[in-house]
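Below: the structure, in structure tokens.
Residue numbers (the working numbering): 9 to 426.
Below is the structure:
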């Protein structure tokens with residue numbers, strides 16, 4: 009099964025503390041009728057410090073939507089390469105080993121996507137598939153993991169790279185004085201993250217199942233209004249209570265895969281705010297400590313949108329992971345209201361059911377080696393009805409790439425390990 013390897017995360021060098029944020033709010037919005045409410049909401053976020061792609065003086069200025077988007081593109085090209093290199097190193101792979109790039113971001117716009125620039129400049133093959141995702145917001149980190157998982161399950165032996173690039177500070181709107189927007193000014197931070205999903209081998213989370221859930225009639229609870237000055241963040245007061253609807257979805261999905269969402273050895277949860285984590289913990293009946301990785305991300309970096317789940321996962325790796333076979337749950341929440349949920353278990357290097365031992369005879373005598381139990385094809389074959397892994401819904405575009413994945417004379421595709 010595919011394995012989600014150790015993420016790489018980078019935050020910009022400019023910082024702002026919560027105390028500095030509160031002082032700015034008092035100074036900039038002294039006459040605001042709801043300033044006491046805004047200050048209380050920001051103080052309750054649990055965010056101690058955030059990182060910004062520009063100094064605060066430049067962040068507070070608004071040079072226009074076009075200028076901001078140019079900053080987004082320039083900063084993405086400057087900051088993504090190092091994170092990608094580190095993620096590839098963690099996975100023990102090279103850029104040319106990657107078959108799909110999933111790029112997620114909701115804080116700037118590029119067409120073609122940054123994926124095209126990455127392929128042209130960072131050593132990826134020209135036939136690398138591209139999947140940019142722009143409109144899932146904070147849920148996109150979980151969504152990227154799930155879509156990459158689907159791809160690697162459909163094409164055994166394939167490897168996928170996930171990149172999350174979020175410069176939330178470029179969405180600051182100095183003239184938008186709604187409470188939701190003012191709260192966002194004290195909640196969101198900037199970060200770039202990347203992780204590899206290996207088709208075979210690897211250390212990390214063995215991905216075993218995934219699913220999505222949409223809360224009915226909640227489209228306007230988290231949204232962007234696109235205006236002349238750019239993206240305006242809209243946040244409904246009902247958002248903090250969404251765990252009442254989403255927690256049962258996590259329980260149901262886990263049950264379909266023979267797991268109990270209330271009894272996982274690790275949790276990697278999108279930290280939209282402290283109440284999201286508190287309520288989810290209450291509904292799942294788990295201790296606050298279970299969400300310690302997500303809380304640490306929120307405290308040290310703020311809500312870094314789609315990059316939250318990758319940073320929380322990084323912290324799990326830094327703690328040493330969990331014993332092999334330990335079950336875990338990953339969940340991202342965002343606009344829609346959408347939940348993207350992954351189930352898996354911790355695995356060490358070359359799990360036993362994916363690796364077999366063989367002996368090769370060299371000039372110096374027999375040498376034991378480990379090889380994948382599922383042979384990695386020289387060319388990635390398209391799934392066939394005989395494959396034990398069906399093509400997931402929504403991947404039809406990926407099954408018809410610009411070049412054939414296997415020639416008519418290629419050997420029959422290997423089946424995925426059950």
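Where a beta carbon is used, it is the ideal one built from N, C-alpha and C, also for glycine.
What's the gap between the Cα of residue i and the Cα of residue j?
{"i": "residue 330", "j": "residue 274", "result": "8 Å"}
{"i": "residue 243", "j": "residue 307", "result": "20 Å"}
{"i": "residue 23", "j": "residue 309", "result": "9 Å"}
{"i": "residue 240", "j": "residue 299", "result": "30 Å"}
{"i": "residue 89", "j": "residue 111", "result": "13 Å"}
{"i": "residue 85", "j": "residue 293", "result": "43 Å"}
{"i": "residue 471", "j": "residue 27", "result": "Missing from the structure shown is residue 471; the chain here goes from 9 to 426 and no further."}
{"i": "residue 11", "j": "residue 348", "result": "17 Å"}
{"i": "residue 258", "j": "residue 269", "result": "6 Å"}
{"i": "residue 2", "j": "residue 98", "result": "A question about residue 2 goes unanswered here, because the residues of the chain that appear run from 9 up to 426."}
{"i": "residue 130", "j": "residue 91", "result": "12 Å"}
{"i": "residue 388", "j": "residue 345", "result": "Residue confidence for residue 388 is low, a pLDDT of 47 falling below 50, so the modelled location carries little weight and cannot support an answer."}
{"i": "residue 75", "j": "residue 119", "result": "16 Å"}
{"i": "residue 287", "j": "residue 324", "result": "22 Å"}
{"i": "residue 154", "j": "residue 162", "result": "12 Å"}
{"i": "residue 206", "j": "residue 354", "result": "14 Å"}
{"i": "residue 104", "j": "residue 132", "result": "5 Å"}
{"i": "residue 36", "j": "residue 278", "result": "30 Å"}
{"i": "residue 71", "j": "residue 58", "result": "22 Å"}
{"i": "residue 404", "j": "residue 139", "result": "Residue placement at residue 404 is flagged as unreliable, the pLDDT there being 35, under the threshold of 50; the coordinate-derived value follows with that caveat. Rounded to the nearest angstrom, the two C-alpha atoms are 13 Å apart."}
{"i": "residue 238", "j": "residue 209", "result": "43 Å"}
{"i": "residue 312", "j": "residue 302", "result": "11 Å"}
{"i": "residue 134", "j": "residue 128", "result": "8 Å"}
{"i": "residue 33", "j": "residue 189", "result": "12 Å"}
Taking the continuous alpha helix (DSSP H) assigned at residue i, which residues delimit it?
{"i": "residue 309", "result": "300-309"}
{"i": "residue 291", "result": "282-292"}
{"i": "residue 312", "result": "Counting along the chain, residue 312 falls outside any alpha helix (DSSP H), and DSSP gives it neither H nor E."}
{"i": "residue 250", "result": "Looking at the DSSP string, residue 250 is not in any alpha helix (DSSP H), and its letter there is neither H nor E."}
{"i": "residue 37", "result": "Neither: residue 37 is in no alpha helix (DSSP H) and is coded neither H nor E."}
{"i": "residue 157", "result": "148-162"}
{"i": "residue 189", "result": "187-192"}
Can you name the start and end residues of the beta strand (DSSP E) that residue i belongs to?
{"i": "residue 341", "result": "335-342"}
{"i": "residue 215", "result": "212-222"}
{"i": "residue 16", "result": "16-18"}
Compute the distance between the beta-carbons of residue i and residue j, then report whether it is under 8 Å.
{"i": "residue 336", "j": "residue 253", "result": "no"}
{"i": "residue 6", "j": "residue 314", "result": "A query on residue 6 cannot be resolved here, the shown segment of the chain reaching from 9 to 426 and no further."}
{"i": "residue 20", "j": "residue 203", "result": "no"}
{"i": "residue 108", "j": "residue 168", "result": "yes"}
{"i": "residue 236", "j": "residue 73", "result": "yes"}
{"i": "residue 185", "j": "residue 40", "result": "yes"}
{"i": "residue 144", "j": "residue 79", "result": "no"}
{"i": "residue 156", "j": "residue 141", "result": "no"}
{"i": "residue 280", "j": "residue 341", "result": "yes"}
{"i": "residue 201", "j": "residue 17", "result": "yes"}
{"i": "residue 53", "j": "residue 194", "result": "yes"}
{"i": "residue 212", "j": "residue 13", "result": "yes"}
{"i": "residue 250", "j": "residue 223", "result": "yes"}
{"i": "residue 284", "j": "residue 248", "result": "yes"}
Name the one or two DSSP bridge partners that residue i has.
{"i": "residue 233", "result": "240"}
{"i": "residue 198", "result": "175"}
{"i": "residue 274", "result": "336"}
{"i": "residue 203", "result": "170"}
{"i": "residue 349", "result": "219 and 339"}
{"i": "residue 24", "result": "58"}
{"i": "residue 11", "result": "206 and 214"}
{"i": "residue 355", "result": "212"}
Mind checking if residue i is an interface residue toward chain B, Cβ cutoff 8 Å exclusive?
{"i": "residue 304", "result": "Absent from the structure is chain B; it holds one protein chain and no more."}
Uninterrupted beta strand (DSSP E) stretches inside the region 40-115 (no shorter than 3 residues): Qualifying beta strand (DSSP E) stretches, in chain order: 57-60 and 108-112.
For this session: Tell me the start and end of each unbroken beta strand (DSSP E) in the region 117-143 that is at least 3 residues and wholly inside, in chain order.
Result: Unbroken beta strand (DSSP E) runs of no fewer than 3 residues, entirely contained in the region 117-143, are found at 137-141, following chain order.
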